[in-house]
Amino acid sequence: MKNLFYLSILVVLFSCNQKPATPTEEELKAIVHAQNEKLKALFTEGDAEKLSQFYTKNAKLSGDGNSDVVRGREAIRDFWKSMLQGAKLVEMNTETLSIDASGDVIYETGKVTNKIQVQDSVMTFKAKYVNIWKKEDGEYKLEVDSWTDIE
């Protein structure tokens, strides 16, 4: 009877200690697509505070190598607040080029085309990007957001 008890304990311990299955590439693409759609909605809304909540607490942001790395949610909020002043996102299209994952982290590279209205003119902005999505509080958020202009 003791052996059965100990065997039951071992079975429970080992079954609770299994790593979650790694999502397939299609599942990863679906997760990232959904997050990019949320990101697009936040940019369209233009609320830097809400947008900053889409980043992890210790996130890093680097745009086109022309600026210092912006570190932390508050600094990212201030960055987007200044960038969104007087500008409105008209259109945003992302194309994921590669995707991989390890545990609660997703690595994505891609291209983005944005149309942004500034006063009376609409400008097109194209970039390639690297995003690292990290699960925080049960949701994937941007841990690293880095891009380089391509046009």
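The sequence shown finishes on residue 161 if you use this note's numbering, and the numbering steps up by one all the way, no holes.
All C-beta atoms, glycine included, are put in the ideal place defined by N, C-alpha and C.
Inter-residue Cα distance where the pair is residue i and residue j
i    : j    : result
K60  : S92  : 14 Å
V122 : T32  : 26 Å
D110 : N124 : 24 Å
S108 : Q129 : 35 Å
L20  : S112 : The predicted model places L20 with a pLDDT of 48, which falls under 50 and marks its position as unreliable; any figure quoted below should be read in that light. Using only the alpha carbons, I get a separation of about 27 Å.
E55  : G148 : 23 Å
F135 : W90  : 16 Å
CA nearest to the CA of residue i, picked from the options
i    : options                 : result
K144 : E36, S77, I41 and V79   : I41
N141 : D78, E153, T134 and Q95 : E153
Y117 : Y139, R87 and I126      : Y139
K151 : A69, A51, K98 and K50   : A69
V102 : T34, D155, V79 and L52  : In the sequence on display, residue 102 carries Met and not Val. Selected option, being the one with the closest Cα: L52.
E35  : E84, T106 and D57       : T106
D155 : I86, A58 and F135       : I86
I126 : K98, K50, G82 and L94   : K98
Environment of residue i [buried if 16+ CB atoms lie within 10 Å]
i    : result
I162 : Residue 162 is absent from the model: the chain starts at 11 and stops at 161.
A44  : exposed
CB-CB length for residue i against residue j, believed under 8 Å
i    : j   : result
T119 : N46 : Between N46 and T119 the Cβ distance is about 13 Å, and since that is not below 8 Å, they are no contact.
(request) Only counting runs of 4 or more residues, tell me where the alpha helix (DSSP H) segments fall wholly within the stretch 78-141, in order along the chain. (result) 83-94, all fully within the stretch 78-141.
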